[in-house]
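Chemist: First the structure, which I've put down as structure tokens, then a few questions once you've had a look.
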Amino acid sequence: MGSMSDFDDKTLAGFRALIAGKLRDLDGEDARGRDGQAVVTLDQQSVGRLSRMDALQSQAMAKAGQARRDGQRRALIAALDRIGTGDYGYCDDCGEIIAPARLRLDPTATRCIDCASGH
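Going by UniProt numbering, the sequence shown wraps up at 119, each residue one higher than the last.
Written as structure tokens, this is what we have:
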């Protein structure tokens with residue numbers, strides 16, 4: 001692993017802000033996704049069979065979206081933890097610095113492009 005000196009304070013602050021923004025975006029998506037996860041009623045008078053099937057499919061998609069957001073949130077929090085410990089931006093496999101451009105695209109990246117692509 002490298003040391004914190006490989007990333008200056010301004011660069012790390014930029015990554016912290018990027019991660020914080022992504023966490024806020026996830027919070028907003030969570031708020032919008034809650035309605036889609038609501039229990040689908042069994043009242044056949046208010047919802048026909050096909051409409052109910054559509055509602056169940058929408059509910060399943062909303063739950064899958066929530067699971068995806070939960071995984072993203074865990075990865076973003078882990079990235080913040082790595083910033084705090086000085087391990088952020090270093091490849092888990094080879095220990096080399098992950099390109100800052102890669103981290104700007106995916107601040108949760110834990111492997112350099114060479115290791116991620118299997119080279």
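Every residue gets a Cβ at the ideal spot worked out from N, C-alpha and C, and that includes glycine. As the structure is a computational prediction, the values presented were derived from the model and not from experiment.
If you draw a straight line from the C-alpha of I98 to the C-alpha of I83, how long is it?
Modeler: 13 Å
Chemist: Taking 8 Å as the limit between beta carbons, can you name the residues of its chain near C112, skipping five residues before and five after?
Modeler: Correct list, in chain order: C91, D93, C94, E96, I97, I98, A99, R102.
Chemist: Closer than 8 Å by C-beta to G118: which residues in its own chain qualify, once you throw out the five before and the five after it? Chain order, please.
Modeler: none
Chemist: Whose C-alpha, out of S51, L26, I77, is nearest the C-alpha of G65?
Modeler: L26
Chemist: Which of helix, strand or coil does DSSP assign to G2?
Modeler: Caution applies to G2, whose pLDDT of 47 falls short of 50 and renders its modelled position unreliable; the value that the coordinates give is listed next. Residue state, collapsed to three classes: coil.
Chemist: My output table needs one value for I98: the three-state DSSP class, helix, strand or coil.
Modeler: coil
Chemist: For the region 8-23 against the region 49-61, do three or more pairs of beta-carbon atoms, one drawn from each stretch, fall closer than 8 Å, so that the two count as touching?
Modeler: no
Chemist: Taking the straight line between their C-alpha atoms, what separation do you get for R73 and L18?
Modeler: Going from the Cα of R73 to the Cα of L18 covers about 13 Å.
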